[in-house]
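Each residue of the sequence shown is one higher than the one before, starting from 1 at the first, in full-length UniProt numbering. One structure is given here, and the rest of the page talks about it.
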Amino acid sequence: MGKADQNQANLQFDRRKSGSPASDLGGRGMGGFGMSSGEEQDLRQSFVAIQHSLPQIDGKIDSLSFRIDRMTERLDKHADRLDQSERRVSEVEDGQAELATGHASRSKELSSLQTKVNDLEARRNLRIVGVAESNAIDNMEDLIERLLVQLLVRATFSDLFVVDIALCSLATRPPLGAPPHPNIVRLRDAALSQARKQKTLQHEGMVISLYPDFTMQSMIIAVQAEDGSETRDPVRIAARFRDYYEPLYASGVAPDQEALMDYCARIDMLRLTDVDRESLMAPLILKEMNRAIGGMTEGWALESGQLEANELSLREKFRPSAISAEESKLPLKEGFTESSSTL
1 MGKADQNQAN LQFDRRKSGS PASDLGGRGM GGFGMSSGEE QDLRQSFVAI QHSLPQIDGK
61 IDSLSFRIDR MTERLDKHAD RLDQSERRVS EVEDGQAELA TGHASRSKEL SSLQTKVNDL
121 EARRNLRIVG VAESNAIDNM EDLIERLLVQ LLVRATFSDL FVVDIALCSL ATRPPLGAPP
181 HPNIVRLRDA ALSQARKQKT LQHEGMVISL YPDFTMQSMI IAVQAEDGSE TRDPVRIAAR
241 FRDYYEPLYA SGVAPDQEAL MDYCARIDML RLTDVDRESL MAPLILKEMN RAIGGMTEGW
301 ALESGQLEAN ELSLREKFRP SAISAEESKL PLKEGFTESS STL
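What follows is the structure in structure tokens.
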């Protein structure tokens with residue numbers, strides 16, 4: 001500090017000292033408080049040092065203020081980035097909700113398509129009943145091809161045909177004298193149409209029957225009512241039956257739709273027991289199939305003879321009295337118990 005600054009500081013100090021309340025106390029000045037001249041000099045020097053450090057304090061305050069401004073700016077940027085992140089997260093959540101909805105819809109469509117594919121796969125299959133059991137069968141496909149050529153007129157097939165798949169149904173080997181296994185074959189519907197024209201097919205002294213390969217589950221369709229309870233839709237049942245059999249009528253005479261609808265409407269499915277419901281999944285025995293088709297159509301059956309009643313209750317399938325002693329001896333299909341299956 002220069003000499004002029006020192007003198008100026010001393011002058012200011014003297015003025016403050018003379019104007020202080022202490023100057024009114026008998027004119028004692030600072031000495032009136034018991035302060036010696038040396039202490040007064042030290043106080044004056046401290047005041048001068050404070051005055052000298054004020055610019056440095058101001059500079060540090062300015063630097064601190066600048067840093068606070070920078071921190072505020074950074075916080076504002078972080079707040080903006082946080083807002084952007086929240087918006088992006090919200091968009092991702094909305095997109096995920098849309099994807100979940102779309103996935104549920106696609107899963108439902110996929111399930112429906114899978115059901116249709118299974119339906120179409122089953123329609124391509126042909127159930128051949130009556131072929132004698134033999135341990136000497138090496139190639140089932142070749143056997144079925146030769147058998148169909150012998151049974152059906154050659155005009156049925158305009159060109160050479162190939163059996164895609166031929167196999168015995170899944171069941172234990174029947175005992176001697178019992179009806180043989182049904183054979184499942186994938187072939188065109190022309191074989192069914194021709195078999196109906198010829199009515200009776202025989203091979204090596206045995207009557208051969210051709211049927212579409214389907215189960216009760218393919219014909220009886222469960223739907224959900226608004227209250228969540230299980231119900232049955234006669235319209236859908238009739239549509240499924242018509243889809244299976246209408247293409248097989250070469251003469252163009254389709255089943256009586258009115259009688260079919262009336263039959264389906266009379267099926268009392270809601271009163272079935274748990275055992276009855278399990279039995280719905282079991283394959284139909286041949287006699288049940290014949291009687292059901294005979295009852296649903298007008299004067300038509302797969303085997304000879306007419307059904308006396310035009311209506312057949314499917315509950316007869318589950319009554320022991322409805323199954324003859326001969327039918328009850330048929331081997332069970334794997335996966336079914338005696339209480340839930342008749343085949």
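Beta carbons: idealized from backbone N, C-alpha and C, even for Gly.
### Query
Considering only residues of the same chain and omitting the five flanking positions on each side of S209, which have a CB-CB separation below 6 Å?
Along the sequence shown, read from residue 1 onward, the residue named residue 209 stands at position 209. Closer than 6 Å at Cβ, skipping near neighbours: V129, G130.
### Task
Please report how far the alpha carbon of A97 lies from the alpha carbon of N118, in whole angstroms.
For this step, residue 97 is matched to residue 97 along the sequence shown. For this step, residue 118 is matched to residue 118 along the sequence shown. Their backbone Cα atoms lie some 31 Å apart in a straight line.
### Message
I'd like to know whether the C-beta atoms of H203 and L147 end up nearer to each other than 9 Å.
### Response
For the purposes of this step, residue 203 is taken as residue 203 along the sequence shown, with counting starting at 1. For the purposes of this step, residue 147 is taken as residue 147 along the sequence shown, with counting starting at 1. Closer than 9 Å, so yes.
### Query
When we look at the beta-carbon of L75 and count the other beta-carbons within 10 Å, is it buried (16 or more) or exposed?
Counted from its first residue, the sequence shown places residue 75 at position 75. Classification of L75: exposed, given that the 10 Å Cβ count is below 16.
### Query
Under a Cβ-count criterion, where at least 16 other Cβ atoms within 10 Å of its own Cβ denotes burial, should S328 be classed as buried or exposed?
Position 328 of the sequence shown, counting from 1, holds the residue named residue 328. Unreliable placement is indicated for S328, whose pLDDT of 39 sits below 50; the coordinate value is still reported in the next sentence. Per the 10 Å Cβ criterion, exposed.
### Query
Assuming L151 and L99 make a contact with CB atoms under 8 Å, what is their CB distance in whole Å?
Counting from 1 along the sequence shown, the entry for residue 151 is found at position 151. Counting from 1 along the sequence shown, the entry for residue 99 is found at position 99. The Cβ separation is near 55 Å, so there is no contact.
### Message
Going by beta-carbon coordinates alone, are M206 and A132 separated by less than 9 Å?
### Response
Locating residue 206 in the sequence shown gives position 206, where the first residue counts as 1. Locating residue 132 in the sequence shown gives position 132, where the first residue counts as 1. Against a cut-off of 9 Å, the Cβ pair of A132 and M206 comes out as a contact.
### Query
DSSP three-state call for V131: helix, strand or coil?
Taking the sequence shown and counting its residues from 1, the one referred to as residue 131 is at position 131. Three-state result, V131: coil.
### Message
Just list the residues that DSSP pairs V207 with in beta bridges.
### Response
Indexing the sequence shown from 1 puts residue 207 at position 207. BP columns for V207 point to Q202.
### Query
Using the C-alpha atoms, what's the distance from L64 back to D58?
Taking the sequence shown and counting its residues from 1, the one referred to as residue 58 is at position 58. Taking the sequence shown and counting its residues from 1, the one referred to as residue 64 is at position 64. Between D58 and L64, the C-alpha separation is close to 10 Å.
### Message
Using C-beta distances below 6 Å, list every residue in its chain close to E93, excluding the 5 sequence neighbours before and after it, in chain order.
### Response
Within the sequence shown, residue 93 is the residue found at index 93, counting from 1. For E93, same chain residues with a beta-carbon under 6 Å away, outside a window of 5 residues either side, do not exist.
### Query
Roughly how many angstroms lie between the CA atoms of F47 and A79, to the nearest whole one?
Numbered from 1 along the sequence shown, position 47 holds the residue referred to as residue 47. Numbered from 1 along the sequence shown, position 79 holds the residue referred to as residue 79. Spanning the two alpha carbons is a distance of roughly 46 Å.
### Query
Apart from the five residues on each side of it in sequence, which residues of its chain come closer than 8 Å, Cβ to Cβ, to S53?
The count along the sequence shown starts at 1 and reaches residue 53 at position 53. Once the five neighbours on either side are set aside, S53 has no close Cβ partner at all.
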